[in-house]
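Accompanying notes for the structure given below.
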Amino acid sequence: MRVIFLSPRYPNEMRQFTRGLAEVGVEVLGVGDGHPDPELRRYLSDYLEVPSLTDEDDLIRRIHGWLRGRSVDRILANWEPLVLTAARLNEMFGLPGMSVDTVRGFRDKQLMKERVAAAGVRVPKSSRARSIDDVRRALEETGYPAIIKPISGAGSADTFRVDSPDALADILPQLRHVAEASCEEFIQGQEFTYDTVCIQGKPVYESVTQYLPNALEMRSQEWVSPIMLSVRDMTQPHIARGVELGRRALAALNMGDGMTHMEWFLKPDGEVVFGEIACRPGGACVVDLMNYTGDVDLFREWARSVCWHAFEVSTERKYNVGIVFKRAKGQGRITAITGLAQFYDRYRNHIVEDTLLRPGAQRRDWKATLLSDGYIIVRHPVWQTARDMAIDAATDIQLYAS
Ligand SMILES: Nc1ncnc2c1ncn2[C@@H]1O[C@H](COP(=O)(O)OP(=O)(O)OP(=O)(O)O)[C@@H](O)[C@H]1O
Ligand SMILES: [Mg+2]
-8 MRVIFLSPRY PNEMRQFTRG LAEVGVEVLG VGDGHPDPEL RRYLSDYLEV
42 PSLTDEDDLI RRIHGWLRGR SVDRILANWE PLVLTAARLN EMFGLPGMSV
92 DTVRGFRDKQ LMKERVAAAG VRVPKSSRAR SIDDVRRALE ETGYPAIIKP
142 ISGAGSADTF RVDSPDALAD ILPQLRHVAE ASCEEFIQGQ EFTYDTVCIQ
192 GKPVYESVTQ YLPNALEMRS QEWVSPIMLS VRDMTQPHIA RGVELGRRAL
242 AALNMGDGMT HMEWFLKPDG EVVFGEIACR PGGACVVDLM NYTGDVDLFR
292 EWARSVCWHA FEVSTERKYN VGIVFKRAKG QGRITAITGL AQFYDRYRNH
342 IVEDTLLRPG AQRRDWKATL LSDGYIIVRH PVWQTARDMA IDAATDIQLY
392 AS
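In terms of the working numbering, the sequence shown has 76 at position 85, counting the first letter as 1, and numbering is strictly consecutive.
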C-alpha cells in the first residue's frame, strides 16, 4: 500500500504518525513545507517539498505533477488545516476517504452543531454571524454570558466569553479579521474530551480526558498551569454519558476512518453538552496521554486502522494520566526551577515524562503553544492520587525567567 501523508514534519507529533505508517508496512510519500531531517527521512519513501501548505490549488498541482502516473491508495492528514485539503485530493483521485461535504461537518462549527443537533444531541444554542449586526442580533437571542469564536477556529484563538452588551463593544474590534463567527450560549460546566480511533465510523478505541481548568481559561491566563487528565474509568455514569454523546455525534457526522477529538461539557446538574469535534487527533500531547493510559502506541494503531482496517492493541485502561504544562514567571531565559526536586522525591515512580525547560533555555510563546515552557506527565491507577499529583505539579513547581 502507498499513501500520501500531508505535513509529516509539523506539528511535531506528525513525525510519530509517519513512523506509525512505516511500521505497519506502508510506503509513505510525504508532502510538506520544509526539509525532513534524516530520522524522519527513514520513514519516508519519497518527499515533496512545497513552498506553502496553505495555497491549496498550488499544492494540488504540485502533487499531481510529482506523482506522474504513480498510483496511491490513500491521502491522509492529521492536522486541522489540512483535513479538507486531503478530502479534496481524495475526491479528485477517486480514493477512499471522507467526502469534502462530510469533512466540512468537522470543520465548520455551525454546520457541525446543526448536524449533531439534528440527531437529537444537546448542543449550545448558536448561530452564524458574518457581520457586527449579526453578532449583536445573535447575542440578543442567546443572552449573556455568551461565546464568540471563529467558525473554523483552533487553539482557542479569537475565542471570547462575553458577559454583557458593554463587554461586547470592547471585544468586537478584536474580531475584525474574523470573516465568520459562531455565537453561542455559554455552557457552564467541567470540560472533557472524547477521543477515538474509528474504522468506518465505528470507534475501535475511545478515551476521555478532563481539562483543568476549561480550555478557554488555560489558553487565556498565563499564570495557570494547565492540566489534562485522562480518565481511567469510563464506566462512571457522568463519563459514560459523555461517551454516549460522542458516539452519537460521530454517527451524525458520518465519520469514516481515523482519529477524532471532541470536547464536551458536564453541567452541575449532570447534563452533558456537545462542544466541538475534529476528524483528526487532539494536539497538545493528547495522543501521548492515551498511550500512557494503556501502554499502547496509537500512532501506529491509527496507521493500521486507516490503512488496513485493523486495530491490534488492547483497549484496557491501566492508569489515569495527567499532563501539567508550566509557564515561567518573567521573560527571556529560564533562570531557575523551584519545587522540582521535592516533587521528584515524592512521586519519582509515577513520573513518566519531564520536558520542563531547564535554566539557560529560551522561554516559549505560551499563547502559540500549549506546550509552553515544558510539561511533566504523571500517572496512577487511582484517579484521586493522579489528580492530586497533577495539582501538586501545577502549584508547587515554579519556573522563573529573566
Ligand atoms: N459554548 C461554549 N460554552 C462554554 N465554553 C465554550 C463554549 N464554546 C467554546 N468554549 C470554550 O472555548 C474553548 C475553545 O473553543 P473551541 O474548542 O470551539 O475552539 P478551538 O479554537 O477549536 O479550540 P481548540 O483547537 O483549542 O480545541 C473551548 O474548549 C471551551 O473551553
Ligand atoms: Mg476546541
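No residue lacks a Cβ here, since even glycine has one placed at the ideal position from N, Cα and C.
1) I need the boundaries of the alpha helix (DSSP H) containing Glu176, first residue and last residue.
2) Would DSSP call Leu(-3) helix, strand or coil?
3) Ordered along the chain, which non-local residues of its own chain (more than five positions away) have a Cβ less than 6 angstroms from that of Leu159?
4) Starting from Asn311, trace the beta strand (DSSP E) in both directions and tell me its first and last residue.
5) For Gln201, which option in Ala381, Ser221, Phe265 has the closest C-alpha, if you only look at C-alpha atoms?
6) Give me the residue from Met209, Arg52, Pro350 with the minimum Cα distance to Val315.
7) Just grab the DSSP bridge partners of Glu254 for me.
8) Going by C-alpha distance, which of Ser155, Val373, Gly144, Val63 is nearest Arg95?
9) What would DSSP say about His371, mapped onto helix, strand or coil?
10) Mind checking Val373: buried by the 16 CB within 10 Å criterion, or exposed?
11) Within 7 angstroms: the Cβ of Ala352 and any heavy atom of ligand 2?
12) Where does Cys189 fall in DSSP's three states?
13) Report yes if the C-beta of Lys140 is less than 7 angstroms from at least one heavy atom of ligand 1; otherwise report no.
14) With respect to the alpha helix (DSSP H) encompassing Ile162, which residues constitute its N-terminal and C-terminal limits?
15) Using the Cβ count rule (16 or more neighbours within 10 Å means buried), how would you classify Pro217?
16) Flag this pair as yes or no: are the beta carbons of Leu35 and Leu44 separated by less than 8 angstroms?
17) When the distance is taken between beta carbons, is Glu175 closer than 8 angstroms to Lys116?
18) Can you look up Ser402 in the DSSP assignment and give me helix, strand or coil?
19) My assumption, with CB atoms under 8 angstroms, is that Ile325 sits in contact with Ala392. Please give the rounded CB distance.
20) Could you check how far apart the C-beta atoms of Met246 and Trp293 are, in whole angstroms? I think they sit under 8 angstroms.
21) Provide the residue span of the beta strand (DSSP E) that contains Pro141, from first to last.
22) Whose CA, out of Asp92, Met103, Phe97, Val63, lies closest to the CA of Gly85?
23) Using 7 angstroms as the cut-off, classify the Cβ of Glu292 as near or not near the heavy atoms of ligand 2, replying yes or no.
24) Does ligand 2 have a heavy atom nearer than 7 angstroms to the CB of Ala158?
25) Can you tell me which of Glu197, Met219, Ala243 puts its alpha carbon nearest to the alpha carbon of Met225?
26) Does the beta-carbon of Ala129, which I'm using as the reference point, lie nearer than 7 angstroms to any heavy atom of ligand 1?
27) Under the criterion of a Cβ to heavy atom distance below 7 angstroms, does Pro87 qualify as lining ligand 1?
28) Run the CB neighbour count on Asn205, radius 10 Å, all protein chains shown included, and call it buried at 16 or more, exposed below.
If we stick to the structure as given:
1) Looking at the DSSP string, Glu176 is not in any alpha helix (DSSP H); the run it does join, the beta strand (DSSP E), is 172 to 176.
2) strand
3) Val153
4) Per DSSP, Asn311 is one residue of the beta strand (DSSP E) stretching across 311 to 316.
5) In this structure, Ser221 is the residue among Ala381, Ser221, Phe265 with its C-alpha nearest to the C-alpha of Gln201.
6) Proximity to Val315 across Met209, Arg52, Pro350 peaks at Met209, based on C-alpha coordinates.
7) Thr184, Glu267
8) Gly144
9) strand
10) exposed
11) Distance from the C-beta of Ala352 to the nearest heavy atom of ligand 2 is not below 7 angstroms.
12) strand
13) yes
14) 156 to 162
15) Classification of Pro217: buried, given that the 10 Å Cβ count is 16 or more.
16) no
17) yes
18) The question about residue 402 has no answer here: the residues shown for the chain are numbered -8 through 393.
19) 5 angstroms
20) 14 angstroms between Cβ atoms; not a contact.
21) 137 to 141
22) Val63
23) no
24) no
25) Glu197
26) no
27) no
28) buried
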